[in-house]
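J.: Take any residue in the sequence shown, count from 1 to its spot, add 67: that is its number in our numbering.
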Amino acid sequence: MKKRTQIAIGTVGLLVLAAGAVAVSTARGADDDGAPVVVVARGTVTDKALAVGTIEPDVEISVKSKVSGVVGRAFAEEGDFVAAGAPLLEIRPDPTPLELVESQRAVEMQEIQLANLQREADRNRALAERGLISTQEMEGAQRQLAQAELEVRTARERLQLLQSGRIRGSDVESVVRAPISGYILERTVEPGDPVVPLTSYQEGTVLMSMADMGRLVFRGTVDEIDVGRLREGMPVQVKIGALPDAQVVGEVEKISLKARKVENATSFPVEITLEASPDYTLRAGLSANAEVVIDERRDVLVIPERLVTFEDGAAWVSVRRADGTAEKRTIRTGLSDAIQVEVLDGLVEGEQVFEKATRTID
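1. Under 8 Å, do I361 and V337 count as touching if we go by C-beta distance?
2. Can you check DSSP and say which residues form a bridge with V369?
3. Can you list the alpha helix (DSSP H) stretches of 4 or more residues lying completely in the region 278-307, in chain order?
4. On the DSSP letters alone, give me the boundaries of the beta strand (DSSP E) that G432 sits inside.
5. Measuring CB atoms only, is the region 371-388 touching the region 416-427, in the sense that at least three cross pairs come out at less than 8 Å?
6. Kindly indicate the opening and closing residues of the beta strand (DSSP E) around P103.
7. Which first and last residues belong to the beta strand (DSSP E) in which E127 is found?
8. Use the C-beta contact count for N331: other C-beta atoms within 10 angstroms, 16 or more gives buried, fewer gives exposed.
9. Which term fits E299, buried or exposed, when burial requires 16 or more other beta carbons within 10 angstroms of its beta carbon?
10. How about the region 349-366 and the region 398-416: do they share at least three Cβ pairs that are nearer than 8 Å?
11. Check each candidate in T221, N356, D390, D147 and name the one with the smallest Cα separation from G308.
12. Sort out for me which residues DSSP pairs D362 with in a bridge.
13. With a CB to CB cut of under 6 Å and the five nearest residues on each side skipped, what residues in its chain are close to L184?
14. Looking only at C-alpha atoms, which of D404, E123, R399 sits nearest to V415?
15. What are the start and end residues of the beta strand (DSSP E) that includes E270?
16. Would you kindly work out how many angstroms separate the C-alpha atoms of K133 and D260, rounded to a whole number?
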(Lines of atoms letter the chains of each structure in order from A and count residues from 1; the text may use other names and numbers.)
(Lines give C-alpha, C1' and ligand atoms only; values in the text may rest on other atoms or scores of the structure.)
Protein backbone atom coordinates (compact mmCIF):
# COMPACT_ATOMS: atom_id res chain seq x y z
CA MET A 1 0.00 0.00 0.00
CA LYS A 2 2.75 2.45 0.89
CA LYS A 3 4.51 1.75 -2.39
CA ARG A 4 1.38 2.52 -4.42
CA THR A 5 0.82 5.72 -2.42
CA GLN A 6 4.35 6.87 -3.07
CA ILE A 7 3.98 6.22 -6.81
CA ALA A 8 0.73 8.20 -6.89
CA ILE A 9 2.29 11.09 -5.01
CA GLY A 10 5.28 11.04 -7.40
CA THR A 11 2.97 11.19 -10.44
CA VAL A 12 1.10 14.17 -9.05
CA GLY A 13 4.39 15.88 -8.35
CA LEU A 14 5.48 15.45 -11.97
CA LEU A 15 2.21 16.89 -13.23
CA VAL A 16 2.59 19.93 -11.00
CA LEU A 17 6.16 20.49 -12.19
CA ALA A 18 5.06 20.20 -15.84
CA ALA A 19 2.25 22.72 -15.32
CA GLY A 20 4.71 25.08 -13.67
CA ALA A 21 7.09 24.76 -16.58
CA VAL A 22 4.29 25.57 -19.05
CA ALA A 23 3.30 28.61 -16.98
CA VAL A 24 6.87 29.90 -16.94
CA SER A 25 7.23 29.32 -20.66
CA THR A 26 4.00 31.24 -21.39
CA ALA A 27 4.99 34.18 -19.24
CA ARG A 28 8.38 34.37 -20.93
CA GLY A 29 6.67 34.41 -24.39
CA ALA A 30 4.52 37.36 -23.34
CA ASP A 31 7.58 39.21 -22.14
CA ASP A 32 9.52 38.52 -25.35
CA ASP A 33 6.55 39.50 -27.51
CA GLY A 34 7.09 38.24 -31.05
CA ALA A 35 3.96 39.88 -32.51
CA PRO A 36 4.61 41.29 -36.02
CA VAL A 37 4.91 45.03 -36.39
CA VAL A 38 4.70 47.50 -39.27
CA VAL A 39 7.00 50.51 -39.52
CA VAL A 40 5.35 53.89 -40.15
CA ALA A 41 6.76 55.21 -43.45
CA ARG A 42 6.03 57.72 -46.16
CA GLY A 43 4.19 56.77 -49.30
CA THR A 44 1.39 57.60 -51.71
CA VAL A 45 -2.33 57.09 -51.16
CA THR A 46 -4.63 57.23 -54.19
CA ASP A 47 -8.41 57.14 -54.02
CA LYS A 48 -9.85 55.64 -57.22
CA ALA A 49 -13.21 54.80 -58.77
CA LEU A 50 -13.40 51.71 -60.97
CA ALA A 51 -15.10 51.58 -64.37
CA VAL A 52 -15.45 48.33 -66.32
CA GLY A 53 -15.76 48.33 -70.10
CA THR A 54 -14.02 47.92 -73.46
CA ILE A 55 -11.74 49.79 -75.85
CA GLU A 56 -13.69 51.09 -78.85
CA PRO A 57 -13.19 53.46 -81.79
CA ASP A 58 -14.59 56.91 -81.19
CA VAL A 59 -16.60 56.64 -84.42
CA GLU A 60 -17.47 53.34 -86.09
CA ILE A 61 -19.31 53.39 -89.43
CA SER A 62 -21.51 50.70 -90.94
CA VAL A 63 -21.02 50.48 -94.71
CA LYS A 64 -24.17 49.79 -96.75
CA SER A 65 -25.19 49.66 -100.38
CA LYS A 66 -27.70 51.88 -102.17
CA VAL A 67 -28.43 49.23 -104.81
CA SER A 68 -29.74 45.72 -104.45
CA GLY A 69 -28.13 42.56 -105.77
CA VAL A 70 -25.57 40.04 -104.60
CA VAL A 71 -22.00 40.55 -103.44
CA GLY A 72 -19.50 40.16 -106.26
CA ARG A 73 -15.82 40.92 -105.86
CA ALA A 74 -14.24 42.13 -102.64
CA PHE A 75 -11.54 44.78 -103.08
CA ALA A 76 -10.46 44.95 -99.42
CA GLU A 77 -10.24 42.60 -96.48
CA GLU A 78 -10.55 42.90 -92.69
CA GLY A 79 -7.63 44.79 -91.20
CA ASP A 80 -6.84 46.73 -94.39
CA PHE A 81 -6.48 50.49 -94.33
CA VAL A 82 -8.40 52.19 -97.13
CA ALA A 83 -8.67 55.81 -98.15
CA ALA A 84 -12.02 57.56 -98.52
CA GLY A 85 -13.53 56.72 -101.92
CA ALA A 86 -11.59 53.50 -102.40
CA PRO A 87 -13.64 50.54 -103.72
CA LEU A 88 -14.68 48.00 -101.12
CA LEU A 89 -17.22 45.64 -102.68
CA GLU A 90 -18.87 45.11 -106.02
CA ILE A 91 -22.63 44.55 -105.88
CA ARG A 92 -23.66 42.48 -108.86
CA PRO A 93 -27.24 43.04 -110.06
CA ASP A 94 -29.50 40.08 -109.50
CA PRO A 95 -32.92 41.11 -110.82
CA THR A 96 -35.78 38.69 -110.91
CA PRO A 97 -37.09 37.72 -114.36
CA LEU A 98 -40.19 39.78 -113.69
CA GLU A 99 -38.18 42.89 -112.78
CA LEU A 100 -36.06 42.53 -115.93
CA VAL A 101 -39.09 42.08 -118.20
CA GLU A 102 -40.93 44.99 -116.58
CA SER A 103 -37.87 47.22 -117.04
CA GLN A 104 -37.57 46.25 -120.72
CA ARG A 105 -41.28 46.88 -121.35
CA ALA A 106 -41.03 50.22 -119.53
CA VAL A 107 -38.32 51.29 -121.97
CA GLU A 108 -40.46 50.21 -124.95
CA MET A 109 -43.53 52.06 -123.67
CA GLN A 110 -41.57 55.25 -123.05
CA GLU A 111 -40.07 55.05 -126.53
CA ILE A 112 -43.56 54.63 -128.06
CA GLN A 113 -44.83 57.64 -126.11
CA LEU A 114 -41.79 59.65 -127.18
CA ALA A 115 -42.38 58.76 -130.85
CA ASN A 116 -46.01 59.87 -130.60
CA LEU A 117 -45.05 63.16 -128.98
CA GLN A 118 -42.35 63.70 -131.62
CA ARG A 119 -44.91 63.34 -134.44
CA GLU A 120 -47.28 65.64 -132.63
CA ALA A 121 -44.49 68.19 -132.17
CA ASP A 122 -43.73 68.04 -135.91
CA ARG A 123 -47.41 68.72 -136.73
CA ASN A 124 -47.56 71.59 -134.25
CA ARG A 125 -44.44 73.11 -135.77
CA ALA A 126 -46.02 73.01 -139.23
CA LEU A 127 -49.22 74.56 -137.91
CA ALA A 128 -47.28 77.23 -136.06
CA GLU A 129 -45.50 78.21 -139.29
CA ARG A 130 -48.93 78.80 -140.87
CA GLY A 131 -50.10 80.71 -137.81
CA LEU A 132 -52.82 78.22 -137.01
CA ILE A 133 -51.78 77.59 -133.36
CA SER A 134 -50.53 79.95 -130.73
CA THR A 135 -46.99 80.20 -129.47
CA GLN A 136 -48.17 79.05 -126.02
CA GLU A 137 -49.55 75.81 -127.43
CA MET A 138 -46.33 75.25 -129.33
CA GLU A 139 -44.23 75.74 -126.18
CA GLY A 140 -46.47 73.32 -124.23
CA ALA A 141 -45.94 70.61 -126.84
CA GLN A 142 -42.16 71.16 -126.68
CA ARG A 143 -42.18 70.75 -122.88
CA GLN A 144 -44.08 67.46 -123.17
CA LEU A 145 -41.57 66.24 -125.74
CA ALA A 146 -38.59 67.14 -123.51
CA GLN A 147 -40.19 65.40 -120.54
CA ALA A 148 -40.80 62.26 -122.59
CA GLU A 149 -37.14 62.23 -123.66
CA LEU A 150 -36.06 62.34 -120.00
CA GLU A 151 -38.44 59.51 -119.11
CA VAL A 152 -37.00 57.37 -121.91
CA ARG A 153 -33.48 58.09 -120.67
CA THR A 154 -34.44 57.18 -117.11
CA ALA A 155 -36.02 53.91 -118.19
CA ARG A 156 -32.96 52.97 -120.24
CA GLU A 157 -30.57 53.78 -117.38
CA ARG A 158 -32.63 51.67 -114.98
CA LEU A 159 -32.44 48.78 -117.43
CA GLN A 160 -28.66 49.23 -117.74
CA LEU A 161 -28.31 49.24 -113.97
CA LEU A 162 -30.28 46.01 -113.66
CA GLN A 163 -28.32 44.33 -116.44
CA SER A 164 -24.71 45.45 -115.84
CA GLY A 165 -24.65 47.22 -112.51
CA ARG A 166 -23.58 50.56 -113.96
CA ILE A 167 -24.82 53.32 -116.22
CA ARG A 168 -22.71 54.02 -119.29
CA GLY A 169 -21.32 57.55 -119.36
CA SER A 170 -22.23 58.16 -115.73
CA ASP A 171 -20.61 57.96 -112.29
CA VAL A 172 -23.43 55.75 -111.08
CA GLU A 173 -22.20 52.22 -110.44
CA SER A 174 -22.87 49.31 -108.12
CA VAL A 175 -19.43 49.43 -106.47
CA VAL A 176 -19.55 50.31 -102.78
CA ARG A 177 -16.79 52.74 -101.84
CA ALA A 178 -15.26 53.68 -98.50
CA PRO A 179 -17.12 56.60 -96.87
CA ILE A 180 -14.09 57.51 -94.70
CA SER A 181 -10.37 56.84 -94.47
CA GLY A 182 -9.78 54.12 -91.91
CA TYR A 183 -9.42 50.44 -91.14
CA ILE A 184 -11.89 47.71 -92.00
CA LEU A 185 -12.84 46.17 -88.67
CA GLU A 186 -15.25 43.52 -89.90
CA ARG A 187 -16.75 42.26 -93.14
CA THR A 188 -20.18 40.76 -92.58
CA VAL A 189 -20.91 39.47 -96.09
CA GLU A 190 -19.25 37.08 -98.51
CA PRO A 191 -19.37 36.86 -102.32
CA GLY A 192 -22.77 35.58 -103.35
CA ASP A 193 -24.67 36.94 -100.33
CA PRO A 194 -27.83 38.94 -101.16
CA VAL A 195 -27.82 42.67 -100.44
CA VAL A 196 -30.80 44.77 -99.40
CA PRO A 197 -30.27 48.44 -100.34
CA LEU A 198 -30.36 51.37 -97.92
CA THR A 199 -33.48 53.49 -98.50
CA SER A 200 -35.71 55.84 -96.57
CA TYR A 201 -37.88 52.88 -95.58
CA GLN A 202 -35.34 50.17 -94.72
CA GLU A 203 -32.00 50.00 -92.97
CA GLY A 204 -30.25 47.92 -95.58
CA THR A 205 -27.66 45.16 -95.25
CA VAL A 206 -24.52 45.98 -93.26
CA LEU A 207 -21.63 45.02 -95.52
CA MET A 208 -18.64 46.19 -93.46
CA SER A 209 -17.76 48.21 -90.40
CA MET A 210 -14.99 50.82 -90.57
CA ALA A 211 -13.28 53.10 -88.07
CA ASP A 212 -10.44 55.55 -87.72
CA MET A 213 -8.25 53.68 -85.23
CA GLY A 214 -6.25 56.83 -84.55
CA ARG A 215 -8.81 57.93 -81.96
CA LEU A 216 -9.83 55.23 -79.49
CA VAL A 217 -11.91 55.63 -76.34
CA PHE A 218 -12.83 53.54 -73.33
CA ARG A 219 -16.57 53.01 -72.91
CA GLY A 220 -17.82 51.38 -69.75
CA THR A 221 -19.88 51.82 -66.62
CA VAL A 222 -19.15 53.02 -63.10
CA ASP A 223 -21.14 52.12 -60.00
CA GLU A 224 -23.70 54.64 -58.77
CA ILE A 225 -21.80 54.92 -55.48
CA ASP A 226 -18.82 56.46 -57.27
CA VAL A 227 -20.49 58.47 -60.03
CA GLY A 228 -21.11 61.45 -57.77
CA ARG A 229 -17.35 61.85 -57.26
CA LEU A 230 -16.48 61.89 -60.95
CA ARG A 231 -15.85 65.02 -63.00
CA GLU A 232 -14.95 65.57 -66.64
CA GLY A 233 -11.22 65.95 -67.09
CA MET A 234 -10.16 63.65 -64.23
CA PRO A 235 -7.02 61.57 -64.99
CA VAL A 236 -7.51 57.86 -65.62
CA GLN A 237 -5.27 54.80 -65.56
CA VAL A 238 -6.52 52.03 -67.87
CA LYS A 239 -5.54 48.42 -67.25
CA ILE A 240 -5.96 45.95 -70.12
CA GLY A 241 -5.79 42.24 -69.41
CA ALA A 242 -4.36 41.44 -72.85
CA LEU A 243 -1.62 44.07 -72.40
CA PRO A 244 -0.51 43.74 -68.77
CA ASP A 245 2.63 45.86 -69.26
CA ALA A 246 0.97 48.72 -71.16
CA GLN A 247 0.77 52.04 -69.32
CA VAL A 248 -2.46 53.39 -70.83
CA VAL A 249 -3.65 56.76 -69.56
CA GLY A 250 -6.51 59.09 -70.44
CA GLU A 251 -9.10 61.39 -68.96
CA VAL A 252 -12.84 61.36 -68.33
CA GLU A 253 -14.70 62.95 -71.26
CA LYS A 254 -18.38 62.08 -70.72
CA ILE A 255 -20.52 60.94 -67.79
CA SER A 256 -24.03 59.83 -68.65
CA LEU A 257 -26.96 61.64 -67.08
CA LYS A 258 -29.04 58.47 -67.11
CA ALA A 259 -28.35 55.27 -65.22
CA ARG A 260 -28.36 51.80 -66.70
CA LYS A 261 -29.84 48.91 -64.73
CA VAL A 262 -28.43 45.44 -65.37
CA GLU A 263 -29.32 42.49 -63.12
CA ASN A 264 -30.58 44.82 -60.35
CA ALA A 265 -27.27 46.73 -60.36
CA THR A 266 -27.40 50.45 -61.14
CA SER A 267 -24.46 51.95 -63.01
CA PHE A 268 -23.72 54.98 -65.20
CA PRO A 269 -22.06 54.85 -68.65
CA VAL A 270 -18.81 56.81 -68.94
CA GLU A 271 -16.51 57.61 -71.85
CA ILE A 272 -12.77 58.12 -71.45
CA THR A 273 -10.41 59.43 -74.12
CA LEU A 274 -7.10 57.56 -74.41
CA GLU A 275 -3.66 58.90 -75.21
CA ALA A 276 -1.97 57.19 -78.14
CA SER A 277 1.48 55.69 -77.61
CA PRO A 278 3.97 53.88 -79.85
CA ASP A 279 4.74 51.47 -76.98
CA TYR A 280 1.58 49.40 -77.50
CA THR A 281 -1.16 48.68 -80.03
CA LEU A 282 -4.76 48.97 -78.90
CA ARG A 283 -7.44 46.95 -80.67
CA ALA A 284 -11.18 47.48 -80.77
CA GLY A 285 -13.08 45.26 -78.34
CA LEU A 286 -10.32 44.75 -75.74
CA SER A 287 -11.72 44.37 -72.23
CA ALA A 288 -10.34 46.89 -69.77
CA ASN A 289 -10.71 48.38 -66.31
CA ALA A 290 -10.39 52.14 -65.89
CA GLU A 291 -9.26 53.55 -62.56
CA VAL A 292 -10.35 57.16 -62.26
CA VAL A 293 -8.08 59.06 -59.88
CA ILE A 294 -10.40 60.90 -57.47
CA ASP A 295 -7.72 62.17 -55.06
CA GLU A 296 -4.06 61.48 -54.43
CA ARG A 297 -1.64 62.31 -51.58
CA ARG A 298 2.08 61.91 -52.16
CA ASP A 299 4.92 61.72 -49.61
CA VAL A 300 2.62 61.37 -46.60
CA LEU A 301 2.76 59.07 -43.57
CA VAL A 302 0.89 55.85 -44.32
CA ILE A 303 0.10 52.60 -42.56
CA PRO A 304 -2.01 49.61 -43.61
CA GLU A 305 -5.65 50.31 -42.80
CA ARG A 306 -5.96 46.85 -41.24
CA LEU A 307 -3.92 48.09 -38.26
CA VAL A 308 -6.44 50.79 -37.38
CA THR A 309 -9.40 50.22 -35.09
CA PHE A 310 -12.33 52.56 -35.65
CA GLU A 311 -14.82 52.88 -32.81
CA ASP A 312 -17.04 55.63 -31.41
CA GLY A 313 -15.93 58.06 -34.09
CA ALA A 314 -12.26 57.71 -33.19
CA ALA A 315 -9.31 55.74 -34.63
CA TRP A 316 -6.52 54.13 -32.64
CA VAL A 317 -3.58 51.78 -33.13
CA SER A 318 -1.33 49.73 -30.88
CA VAL A 319 2.16 51.32 -30.91
CA ARG A 320 5.26 49.44 -29.72
CA ARG A 321 7.14 51.22 -26.94
CA ALA A 322 10.90 51.06 -26.53
CA ASP A 323 10.57 48.29 -23.93
CA GLY A 324 8.46 46.19 -26.29
CA THR A 325 5.13 46.81 -24.59
CA ALA A 326 2.08 48.09 -26.43
CA GLU A 327 0.60 51.58 -26.19
CA LYS A 328 -2.93 52.31 -27.31
CA ARG A 329 -2.73 55.60 -29.20
CA THR A 330 -5.41 57.68 -30.85
CA ILE A 331 -4.56 58.90 -34.34
CA ARG A 332 -6.16 61.14 -36.96
CA THR A 333 -6.53 59.60 -40.40
CA GLY A 334 -6.90 61.17 -43.85
CA LEU A 335 -7.28 59.72 -47.34
CA SER A 336 -7.70 55.96 -47.71
CA ASP A 337 -7.59 53.61 -50.66
CA ALA A 338 -9.03 50.72 -48.61
CA ILE A 339 -5.53 49.21 -48.31
CA GLN A 340 -3.43 52.04 -46.95
CA VAL A 341 -4.56 55.06 -44.95
CA GLU A 342 -2.94 58.46 -44.53
CA VAL A 343 -1.95 59.40 -40.96
CA LEU A 344 -2.43 63.11 -40.26
CA ASP A 345 -1.58 63.09 -36.57
CA GLY A 346 -0.60 60.71 -33.76
CA LEU A 347 2.35 58.88 -35.32
CA VAL A 348 5.83 59.78 -36.51
CA GLU A 349 7.94 58.21 -39.22
CA GLY A 350 9.85 55.17 -38.03
CA GLU A 351 7.51 54.16 -35.19
CA GLN A 352 6.32 50.57 -35.08
CA VAL A 353 2.66 49.57 -34.98
CA PHE A 354 1.55 46.13 -33.85
CA GLU A 355 -0.53 43.94 -36.13
CA LYS A 356 -3.92 43.03 -34.74
CA ALA A 357 -4.13 39.67 -33.02
CA THR A 358 -5.34 36.93 -35.31
CA ARG A 359 -8.54 35.30 -34.18
CA THR A 360 -8.67 31.53 -34.30
CA ILE A 361 -11.68 29.29 -34.33
CA ASP A 362 -11.43 26.22 -32.06
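The beta carbon of each residue, even a glycine, is placed where N, CA and C say it ideally should be. All values derive from a computational prediction rather than experimental measurement.
T.: Reading off the structure:
1. The sequence position of residue 361 within the sequence shown is 294, counting from 1. The sequence position of residue 337 within the sequence shown is 270, counting from 1. The answer is no: Cβ separation not under 8 Å.
2. Counting from 1 along the sequence shown, the entry for residue 369 is found at position 302. Its beta-bridge partners are A108, E409.
3. 291-294
4. Limits of the chain in this structure are 68 at one end and 429 at the other, which puts residue 432 out of reach.
5. Because the criterion of three Cβ pairs below 8 Å is met, the region 371-388 and the region 416-427 touch.
6. To locate residue 103, count along the sequence shown from 1; it is residue 36. Run containing P103: none; DSSP gives neither H nor E here.
7. Counting from one through the sequence shown, the residue named residue 127 turns up at place 60. Taken as a continuous stretch (DSSP letters only), the beta strand (DSSP E) holding E127 covers 127-131.
8. In the sequence shown, residue 331 corresponds to position 264, counting from 1. Under this definition N331 is an exposed residue.
9. Position 232 of the sequence shown, counted from the start, is the residue given in the question as residue 299. Burial call: exposed.
10. yes
11. Your numbering for residue 308 matches position 241 in the sequence shown. That would be N356, whose Cα lies nearest to the Cα of G308.
12. For the purposes of this step, residue 362 is identified with residue 295 of the sequence shown, where counting begins at 1. Answer by DSSP bridge pairing, in chain order: D114.
13. Your numbering for residue 184 matches position 117 in the sequence shown. Same-chain partners within the cutoff: Q211, L212, A215.
14. One-based indexing of the sequence shown puts residue 415 at position 348. Selected option, being the one with the closest Cα: R399.
15. Reading the sequence shown from its first residue, position 203 is the one you call residue 270. Segment: none, E270 is in no beta strand (DSSP E) and carries neither H nor E.
16. Looking up residue 133 in the sequence shown gives position 66. Looking up residue 260 in the sequence shown gives position 193. K133 and D260: Cα-Cα distance of roughly 15 Å.
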